[in-house]
Structure formats: C-alpha cells, structure tokens
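*Asks:* Here the sequence shown is numbered in the UniProt record's numbering, starting from 1 and rising by one per residue.
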Amino acid sequence: MPNLLEIKELHAAYGTTGVLHGISMNLREGSITTLLGANGAGKTTTLRALCQMMVSTRGSIQLGGKRTDGRATEDIVRLGVAHVPDGRGTFHALSTEENLKLGAYLRRDKAAVADDFERVYSYFPRLRERRQQQAGTLSGGEQQMLAIGRALMSRPRLLLLDEPSFGLAPLIVRDIFEIMKRINQEEKVSILLVEQNATLALEVADAVYLLETGRIVLSGTPQDVRDNDAVRRVYLGE
Ligand code: ATP
C-alpha cells in the first residue's frame, strides 16, 4: 500500500517553546499506526500539528501527495483528516445527534450524510438510544463513542485519535478498540492512534513509532517494538 501520510522533519512550537524537533513518519494507506511516548513527549502536539491547530510548525506534511502544512484547519478537514482530541471535545449542551451533525458541517452531500448517521449508529447502537440526550450527561465511554462518531461524519481518510482509552473502564476500552478496528477495516479509514495503554495499542497496530522529548527514537512493527528491552521495561511494565 502507498503512504497516505508523509511527515518530514516536522518541528512544532507553542510560541517560542519548541516541542517537536524534526520528526519524520510515514503512514501506510489503510493502516493503524500507533504513536507511543511518555507524558509530555509531544504526542498530542503531533496530532495538533497535523491539523495545524494551536501550534506553529515547520517541515512538510503530505496527505495523499498534497501538502497540508501551512493550510487552514478547515481545509485539512476537507482533505480528509478528522481529529478526536484528548478530552474528546464534544459539545456538552448539545444532543448526541446535534454533535454528530456538527461533524458533517463542511459536507454538501446531504443525502449521504443521512446514511452516515445510520452507519455511525450501527457501530455505536448506544448512541442511537441516546440520540436526544445532552452529550454532557453521557458516560465517559459514550462520550468517546460520540467523539469518534462525530469524526466519522466528516468521511475522513485519516482519523487522529488522542488517547481514546483515557479514564475508561477496561471493558469499555476493549469495546472501543474493537469498533476502531472494524472502522479501519470496513470504512478503509487509516488511523493514527496516540495511546498510553501500550499493550492494547500494540495489539491493534500495524506500525509503531516511539516519541521521546520531541524526537522519534524507534519505529517498526509491534513485534520490533516489543523486542526492545527499554520499551518492555518502560511501556509494557515487564
Ligand atoms: P501527555 O501524554 O501527557 O498528554 P504528550 O506526549 O501528549 O503528553 P503534549 O501534550 O504534546 O505531550 O505536550 C508536549 C509539551 O508541550 C509539554 O511540555 C507541554 O507542557 C507542552 N504544551 C502542550 N500544550 C501546550 C500549550 N497549549 N501551550 C504551551 N505548551 C504546551
């Protein structure tokens, strides 16, 4: 498979504070790629840099052969990138359905949008049951489902997921990871996953990058990464 995303020598900073120091990554079309790293390594910043949100960047980012660095976030969404931020970013005062509708706000193909509500509800039947409920009153797991569902409503080629397991009970995390895998396979959506839960992240990933203080220090298949002693000690708790 060709690369969907090619990141070359990407630097990112908040004001004058540099966080990413020239990272390069390739994501194959159709793959799940996991970005691992300790707290503060710059994982969230990497996802923000890919959508040109909140950070200034230098270096090149190409999606399907088109440069996206330096473009407006809205253009990047139009090109097929959907971001599920840490903290999920759902609108608490709006209903489940209204949140999903917002995910499709740039789309003109209204008939297809109606079908996509059905697709999202088929992945997440709980959201259908709760479609009139205020998002702020959903459980943590339901809010994570809503955040992923909303991202799907933009029909992305690439889904950026920032710690979907954060704060959730293990059984719900399992469910969400299984649905994520199905979405990857059935919708042909490529996924870049940031996760603290390294064990689970390595189970679903096709490729892995390890970030340390703003630099990629290791990359390969999940097995390559598991074979690394330091990773086993620090990230897998062995
Ligand atoms: P975590 O797993 O703890 O979320 P992370 O790997 O995602 O960590 P980032 O959130 O990308 O790390 O943070 C990297 C560095 O950038 C940290 O030192 C953090 O304090 C800093 N940082 C993050 N957001 C901002 C911001 N809005 N303004 C200034 N500095 C920031």
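Each residue gets a CB set at the ideal place from its N, CA and C atoms; glycine is no exception.
Using the DSSP secondary-structure output, state which residues sit across from T57 in a beta bridge.
*Replies:* For this step, residue 57 is matched to residue 57 along the sequence shown. According to DSSP, which records beta bridges pairwise, T57 is partnered with A12.
*Asks:* Our contact map puts L35 next to T96 with C-beta atoms below 8 Å; I'd like the distance itself, whole angstroms only.
*Replies:* Working through the sequence shown from its first residue, we reach residue 35 at position 35. Working through the sequence shown from its first residue, we reach residue 96 at position 96. The pair is not a contact, with the Cβ atoms about 29 Å apart (cut-off 8 Å).
*Asks:* Quick check on K66: does DSSP put it in helix, strand or coil?
*Replies:* Counted from its first residue, the sequence shown places residue 66 at position 66. In this structure, K66 counts as strand in the three-state DSSP scheme.
*Asks:* Does the Cβ of T44 lie closer than 6 Å to at least one heavy atom of the ligand ATP?
*Replies:* Sequence index remark: in the sequence shown, residue 44 carries index 44 (1-based). Checking the Cβ of T44 against the ligand ATP gives yes.
*Asks:* Got a sec: does the ligand ATP put a non-hydrogen atom nearer than 6 Å to the Cβ of Y14?
*Replies:* Sequence index remark: in the sequence shown, residue 14 carries index 14 (1-based). Yes, since a heavy atom of the ligand ATP falls inside the 6 Å radius drawn around the Cβ of Y14.
*Asks:* When you compare only the Cα positions, how much space is there between I76 and V234?
*Replies:* Your numbering for residue 76 matches position 76 in the sequence shown. Your numbering for residue 234 matches position 234 in the sequence shown. In a straight line, the C-alpha of I76 is about 35 Å away from that of V234.
*Asks:* Got a sec? Which residues, its chain only, sit under 8 Å from L94 by beta carbon, not counting five neighbours each side?
*Replies:* Walking along the sequence shown from the start, residue 94 turns up at place 94. These residues qualify, in order along the chain: L102, Q134 and A135.
*Asks:* Would V84 and A151 be called neighbours here (beta carbons separated by less than 7 Å)?
*Replies:* As a working note, residue 84 is residue 84 in the sequence shown. As a working note, residue 151 is residue 151 in the sequence shown. In this structure, A151 lies closer than 7 Å to V84 by Cβ.
*Asks:* Three Cβ pairs or more, each shorter than 8 Å: is that satisfied between the stretch 4–18 and the stretch 41–54?
*Replies:* Because the criterion of three Cβ pairs below 8 Å is met, the stretch 4–18 and the stretch 41–54 touch.
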